[in-house]
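Enquirer:
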Amino acid sequence: MDDPAVQDPAVQDPAADHDAAEPPQVVVGTDGTATASRAVAWAATEARVRGLPLRIVHAGPYASGDQAAGRRRAAAILARAFTVARRREPAVEAHTLLSDQAPVAALVHASRHAELLVVGLLGGHPGDLLVGSIAPALTARAHSPVTVVRSDHDLSGRRRPVVVGVEDVAADAAALAVAFADAARHATPLVAVHAHHRPPGSPGAMAEELAHWRARWPGVPVEVREVHGGADEQLLHACRGARLLVLGSSGRGLAARAVLGSTSRTLVRLAPCPVTVVRRDLDLAAGGSPARGAGALRS
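For the sequence shown, UniProt numbering assigns the number 1 to the initial residue and increments by one for each residue that follows.
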């Protein structure tokens, strides 16, 4: 039987410009690999929990002499990804999109209407291209938070906590909004981790500084950990057994890429759970989603 993702024009729409009246959605990139399929499955569940449609994007700037074969391959990749999403979450409205742009450009373009952009990453490969190139570019340019799902992540757990790294409560407002909203959606606890180099025993103020966040999300159990040491080591320890790790990053441009090249890059590569990177300059609504109008949360 032909796959519905290829036959249904509402699902397969390679050429359309989706700028007009697009609803909020979860966007996931696929390249046909098993790792990408895991990212698609994770994104499908996230779309269900958020009550949003799922957009599956494949970027295929194939060589001009092989366009027909490239299109057939791309259609097959999208059909398989559509099937993965449908089997994982039958009730989720899923659509596929084939783009002629390069992968980063295609995903950044698609993220304009995304509440979340999801990509896959092979586990156990420190020099993987996605960590070295695509992930920094996406987190620096995407219009939404970016979640990286590695091939070796355990995606089965429920009621596992969300861990958020907090350097500065005010500066990390966007990451905190995403983390609290995710914990509320999935009915899980939240662990806020602040790594510091103060003398042991020095009092910290993060618990007090998070008071207004607790008041905003009264249904989310919160544990505050102010720990002495480097952020990489402490966050890796804290996210063992976590459902998700949320990190803030600096803004757009070279500075953001440098940040992902240090702490965030290490955590994306080594964390045992999916990692969501949230740029500090993202304009988020109070629910942790990109603002589409008035009422945005600003740090």
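Here a beta-carbon is modelled for each residue, glycine too, at the ideal position from N, C-alpha and C.
It should be emphasised that the depicted structure is a prediction, and the values quoted were computed from it without experimental measurement.
Which of the three DSSP states, helix, strand or coil, is assigned to V246?
Expert: In this structure, V246 counts as strand in the three-state DSSP scheme.
Enquirer: How about the region 108–116 and the region 68–83: do they share at least three Cβ pairs that are nearer than 8 Å?
Expert: No, they do not touch.
Enquirer: For residue 301 versus V222, is the C-beta spacing smaller than 8 Å?
Expert: Any question about residue 301 goes unanswered here, given that the chain covers just 1 to 299.
Enquirer: Can you tell me whether A215 is buried or exposed? The criterion is at least 16 other CB atoms within 10 Å of its CB, across all chains shown.
Expert: By the 10 Å Cβ count, A215 comes out exposed.
Enquirer: Just the Cα atoms here: how many angstroms apart are residue 305 and V148?
Expert: No information on residue 305 is available, as it lies outside the stretch 1 to 299 that the chain covers here.
Enquirer: Is the beta carbon of V163 sitting closer than 8 Å to the one on A238?
Expert: Closer than 8 Å, so yes.
Enquirer: For the alpha helix (DSSP H) that I134 lies in, which residues bound it at each end?
Expert: Note, I134: premise wrong, no alpha helix (DSSP H); not H, not E.
Enquirer: So, at 6 Å on beta carbons, what are the nonlocal neighbours of V92 in its own chain, with the 5 sequence-adjacent residues on each side left out?
Expert: Excluding residues within five positions, the ones whose Cβ falls inside 6 Å are A44, A47, R48 and L54.
Enquirer: I need the straight-line Cα distance from Q25 to L98, nearest angstrom please.
Expert: Their backbone Cα atoms lie some 16 Å apart in a straight line.
Enquirer: Which residues in the same chain have their Cβ closer than 7 Å to the Cβ of R88, if we skip the five residues on either side of it in sequence?
Expert: Around R88: A41, A44 and T45.
Enquirer: Note the first and the last residue of the continuous beta strand (DSSP E) segment covering L155.
Expert: Run containing L155: none; DSSP gives neither H nor E here.
Enquirer: Can you tell me the Cα-Cα spacing of P103 and L270, whole angstroms?
Expert: Between P103 and L270, the C-alpha separation is close to 23 Å.
Enquirer: For D232, collect the residues of the same chain with a Cβ closer than 6 Å to its Cβ; drop the 5 residues on either side in sequence, then sort them by chain order.
Expert: Cβ neighbours of D232 beyond the five flanking positions: T263 and T266.
Enquirer: Could you compute how far the alpha carbon of A258 sits from the alpha carbon of A140?
Expert: No answer about A258 holds up, because its pLDDT of 43 lies below 50 and its placement is not dependable.
Enquirer: Less than 7 Å between C-beta atoms, sequence neighbours within five positions excluded: which residues of the same chain meet that for W217?
Expert: Only F180 and A184 meet the Cβ criterion.
Enquirer: In whole angstroms, what separates the C-alpha of A187 from that of S156?
Expert: Each residue's Cα considered, the two are about 15 Å apart.
Enquirer: Just the C-alpha distance for E22 and A205, rounded to the nearest angstrom, thanks.
Expert: Going from the Cα of E22 to the Cα of A205 covers about 42 Å.
Enquirer: Nearest CA to the CA of D154: which residue from R240, A59 and D283?
Expert: Nearest C-alpha to D154: R240.
Enquirer: What number of angstroms, rounded off, separates the C-alpha of V166 from the C-alpha of G248?
Expert: Roughly 8 Å separates the two Cα atoms.
Enquirer: With which residues is R89 paired in a DSSP beta bridge?
Expert: First, the residue type needs correcting, since residue 89 is Glu and not Arg in the sequence shown. Per DSSP, none; premise fails for E89.
Enquirer: Quick one: what does DSSP say A235 is sitting in, helix, strand or coil?
Expert: Reading off the sequence shown, one finds Leu at residue 235, where the question assumed Ala. L235: helix per DSSP, three-state reduction.
Enquirer: Measure the Cβ-Cβ separation of S144 and A114 and say whether it is below 8 Å.
Expert: Yes, Cβ-Cβ distance for S144 and A114 is below 8 Å.
Enquirer: Roughly how many angstroms lie between the CA atoms of A242 and G120, to the nearest whole one?
Expert: Cα-Cα distance, rounded: 18 Å.
Enquirer: Would you check if the distance between the CB atom of A177 and the CB atom of L284 is smaller than 8 Å?
Expert: In this structure, L284 lies closer than 8 Å to A177 by Cβ.
Enquirer: According to DSSP, is R73 helix, strand or coil?
Expert: It is helical.
Enquirer: Of all the options V118, H58, L78 and H196, which has the alpha carbon lying nearest to the alpha carbon of D100?
Expert: Looking at the Cα atoms, H58 is the closest of the given residues.
Enquirer: Report the rounded CA-to-CA distance for P90 versus V227, giving the unit in angstroms.
Expert: If I take the Cα positions, the gap works out to 43 Å.
Enquirer: Quick one: measure Cβ to Cβ for G229 and A195, integer angstroms, because I've assumed they're closer than 8 Å.
Expert: Indeed, because the Cβ distance is near 6 Å, the residues count as touching under 8 Å.
Enquirer: Can you check DSSP and say which residues form a bridge with A114?
Expert: According to DSSP, A114 bridges with Q25.
Enquirer: Exposed or buried, D281, counting other C-beta atoms within 10 Å across all chains shown (16 or more means buried)?
Expert: Exposed, since its Cβ has fewer than 16 Cβ neighbours within 10 Å.
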